[in-house]
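**Student:** I have a structure here, written as structure tokens, and I will follow up with some questions on it.
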Amino acid sequence: MPATARPADLERVADALALTAPAKRRRMLVIVNPYASTVSDRLKGLVVQALAGRYEVDAVDTQARDHATALCRGARDEGYDVVVAFGGDGTLNEAANGLAGCGVALTCLPGGASNVMCRMLGIPTDIVDATEHLLHLADRWAPHRMDLGWVDDRAFTFSAGLGLDAAVVERVDRHPRLRTRFGQWYYAQVALSTFTRRYLVRPPRMRVRHGGEDVEGVTTVVQNGEVLSYFGTRPLPVAQDVALDDGTLGAVVLRRASPIDIPTVMGRLFLPAPVAEHRQVTAWSKVTDLEVTSLDGGEIPLQVDGDHIGEVTRARFSVQPGGLTMVA
Ligand SMILES: [Mg+2]
Numbered sequence: 047m048p049a050t051a052r053p054a055d056l057e058r059v060a061d062a063l064a065l066t067a068p069a070k071r072r073r074m075l076v077i078v079n080p081y082a083s084t085v086s087d088r089l090k091g092l093v094v095q096a097l098a099g100r101y102e103v104d105a106v107d108t109q110a111r112d113h114a115t116a117l118c119r120g121a122r123d124e125g126y127d128v129v130v131a132f133g134g135d136g137t138l139n140e141a142a143n144g145l146a147g148c149g150v151a152l153t154c155l156p157g158g159a160s161n162v163m164c165r166m167l168g169i170p171t172d173i174v175d176a177t178e179h180l181l182h183l184a185d186r187w188a189p190h191r192m193d194l195g196w197v198d199d200r201a202f203t204f205s206a207g208l209g210l211d212a213a214v215v216e217r218v219d220r221h222p223r224l225r226t227r228f229g230q231w232y233y234a235q236v237a238l239s240t241f242t243r244r245y246l247v248r249p250p251r252m253r254v255r256h257g258g259e260d261v262e263g264v265t266t267v268v269q270n271g272e273v274l275s276y277f278g279t280r281p282l283p284v285a286q287d288v289a290l291d292d293g294t295l296g297a298v299v300l301r302r303a304s305p306i307d308i309p310t311v312m313g314r315l316f317l318p319a320p321v322a323e324h325r326q327v328t329a330w331s332k333v334t335d336l337e338v339t340s341l342d343g344g345e346i347p348l349q350v351d352g353d354h355i356g357e358v359t360r361a362r363f364s365v366q367p368g369g370l371t372m373v374a
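Going by this note's numbering, the first residue of the sequence shown is number 47, and it counts up by one from there.
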């Protein structure tokens, strides 16, 4: 559902909260992805104005890929208390990469098509409600540590994967307007067509090594929590027995892609039957180290937090317990 700005609501909320504002305001850097699905200049202006009721706010637009990472590295030195990633999961991922291992708190406002991490943190998906949520945080300021996953030298907040999921987001990213308009339905359609056109014909083959065990597969997904994504308001859990702050990751390997396997794996996303217990799936919890290698030397698409970032022939996953300070 697209977020809509309700100026009167935002102003009313900001005015009400300003009446009880403490003398010392925290410094907040709002990093805005102007190309995110539901972000507009007008909306940005209203949100920043509202946040200024309780925080000392600076706002800056991202101008290129990884710009949010560079801005966050700067924010560490400039004395900001909190960074707000206003965009989609990709903007939050870049910000997390810039704040890894430091005490500057990170939070987010929903501006993307999916906003998976916002939802996992309990931040409302309606922009007015989410802004109000951030305004109230000023009074119950309680930053906490969560784990950061790493794939080689790239951090992720909720998931990274090689294979089918990465191929799907790579194709979805090529059509941002369709993604904005049709959201999860577009992802679902692309997932099915990617599978039937590519995975039935020539799936990538990979060896996954974890804890002395080797498994061969066609797709590997590594997660920091149990939810991989959302369909509408419905969480789609894949990994099991893993939490954002347990110091470990969960991993799921799809071992085979046959005309029966993928539809039944995808079907399980919507059923009480866990994906992790599918007969063609190997699932591990308490993962701290995992390595994926292409079996035939072919390049495999890699996604981090829902953004395709390139093709690789091997990838090493690890976890940084408590690597990110969040406030939500
Ligand atoms: Mg974890």
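Ideal placement from N, C-alpha and C gives every residue a C-beta, glycine not left out.
Taking Gly209 as the reference, which of Leu155, His324 and Ile355 has the closest Cα?
**Tutor:** Position 163 of the sequence shown holds residue 209. Among Leu155, His324 and Ile355, the Cα nearest to that of Gly209 is on Ile355.
**Student:** Counting only the same chain and skipping the five closest in sequence on each side, list residues whose C-beta sits under 6 Å from that of Met47.
**Tutor:** As a first step, residue 47 is located in the sequence shown; it is residue number 1 there, counting from the start. With a pLDDT of only 41 at Met47, under the threshold of 50, the placement of this residue in the model should not be trusted, and no figure is reported.
**Student:** To which residues of the same chain is Gly144 closer than 6 Å at the C-beta, ignoring the five residues directly before and after it?
**Tutor:** By 1-based counting over the sequence shown, the position of residue 144 is 98. Closer than 6 Å at the Cβ level, and outside the excluded window around Gly144, lie Thr115, Cys118 and Arg119.
**Student:** Given this structure, state the Cα-to-Cα distance separating Thr371 from Ile169, to the nearest angstrom.
**Tutor:** Sequence index remark: in the sequence shown, residue 371 carries index 325 (1-based). Sequence index remark: in the sequence shown, residue 169 carries index 123 (1-based). Thr371 and Ile169: Cα-Cα distance of roughly 16 Å.
**Student:** At a cut-off of 8 Å, is Val288 close to ligand 1 when judged by its beta-carbon and the heavy atoms of the ligand?
**Tutor:** For the purposes of this step, residue 288 is taken as the residue at position 242 of the sequence shown. Yes - ligand 1 has a heavy atom lying nearer than 8 Å to the Cβ of Val288.
**Student:** At what residues does the alpha helix (DSSP H) containing Glu216 begin and finish?
**Tutor:** If you number the sequence shown from 1, residue 216 lands on position 170. From DSSP, the alpha helix (DSSP H) with Glu216 extends over Leu210 to Asp219.
**Student:** Applying the 10 Å Cβ sphere with the 16-neighbour rule, what's the burial state of Leu180?
**Tutor:** Indexing the sequence shown from 1 puts residue 180 at position 134. So Leu180 counts as buried.
**Student:** Less than 8 Å between the CB atoms is what I'm expecting for Ile77 and Val130, so what's the real figure, rounded?
**Tutor:** Locating residue 77 in the sequence shown gives position 31, counting from the first residue. Locating residue 130 in the sequence shown gives position 84, counting from the first residue. With 8 Å as the limit, Ile77 and Val130 qualify as a contact, their Cβ atoms being about 7 Å apart.
**Student:** At which residue ranges does the stretch 102–126 contain complete alpha helix (DSSP H) runs of 4 or more residues, listed in the order of the chain?
**Tutor:** 113–123
**Student:** So does the stretch 246–257 actually touch the stretch 195–204, counting three or more Cβ pairs closer than 8 Å?
**Tutor:** no
**Student:** Ligand 1 and Val34: does any heavy atom of the ligand fall closer than 8 Å to the residue's C-beta?
**Tutor:** Nothing can be reported for residue 34: it is not among the residues displayed for the chain, which extend from 47 to 374.
**Student:** Take the Cβ of Asp87 as the centre, count every other Cβ of all protein chains shown within 10 Å, and call the residue buried at 16 or more, exposed below.
**Tutor:** Position 41 of the sequence shown, counted from the first residue, corresponds to residue 87. Of the residues assessed, Asp87 falls on the exposed side of the cut-off, its CB having fewer than 16 other CB atoms within 10 angstroms.
**Student:** Do the stretch 235–244 and the stretch 323–338 meet, that is, are 3 or more Cβ pairs less than 8 Å apart?
**Tutor:** no
**Student:** Just checking my contact of Ala329 with Gln286 at CB under 8 Å: how many whole Å lie between their CB atoms?
**Tutor:** To locate residue 329, count along the sequence shown from 1; it is residue 283. To locate residue 286, count along the sequence shown from 1; it is residue 240. Contact holds; Cβ gap of about 6 Å.
**Student:** Quick one: residues in its chain with C-beta nearer than 8 Å to the C-beta of Val85, no 5 flanking neighbours on either side, listed in chain order?
**Tutor:** Taking the sequence shown and counting its residues from 1, the one referred to as residue 85 is at position 39. So the qualifying residues of the chain are Val78, Asn79, Phe132, Gly133 and Gly157.
**Student:** Taking the alpha-carbon positions, what's the Val128 to Val162 distance?
**Tutor:** Translated into positions along the sequence shown, residue 128 becomes position 82. Translated into positions along the sequence shown, residue 162 becomes position 116. If I take the Cα positions, the gap works out to 20 Å.
**Student:** When the Cβ atoms of the stretch 319–333 are set against those of the stretch 294–310, are three or more pairs found closer than 8 Å?
**Tutor:** Yes, the stretch 319–333 touches the stretch 294–310.
**Student:** Are Gln152 and Val373 closer than 9 Å when you measure CB to CB?
**Tutor:** Residue numbering aside, residue 152 sits at position 106 when the sequence shown is read from its first letter. Residue numbering aside, residue 373 sits at position 327 when the sequence shown is read from its first letter. Here residue 152 is Leu; the residue named in the question, Gln, does not match the sequence. By the CB criterion at 9 Å, Leu152 and Val373 fall inside the cutoff.
**Student:** Does DSSP put Glu323 in a helix, a strand or coil?
**Tutor:** Residue mapping note: residue 323 aligns to position 277 of the sequence shown, counting from 1. Helix at Glu323.
**Student:** Where do the ends of the alpha helix (DSSP H) carrying Thr177 lie?
**Tutor:** Residue numbering aside, residue 177 sits at position 131 when the sequence shown is read from its first letter. Where Thr177 is concerned, the enclosing alpha helix (DSSP H) stretches over Ile173 to Leu183.
**Student:** When you measure from the CB of Asn139 to every non-hydrogen atom of ligand 1, does any distance come out below 8 Å?
**Tutor:** As a first step, residue 139 is located in the sequence shown; it is residue number 93 there, counting from the start. Not under cutoff, so the answer is no.
**Student:** Which value, in whole angstroms, describes the spacing of the CA atoms of Glu262 and Arg253?
**Tutor:** Start at 1 with the first residue of the sequence shown, and residue 262 comes out as number 216. Start at 1 with the first residue of the sequence shown, and residue 253 comes out as number 207. The C-alpha of Glu262 lies about 5 Å from the C-alpha of Arg253.
**Student:** What is the DSSP secondary structure of Cys164, reduced to helix, strand or coil?
**Tutor:** Taking the first residue of the sequence shown as position 1, residue 164 is located at position 118. If DSSP states are grouped into helix, strand and coil, Cys164 belongs with the helices.
**Student:** Is DSSP giving Trp196 helix, strand or coil here?
**Tutor:** Translated into positions along the sequence shown, residue 196 becomes position 150. Strand at Trp196.
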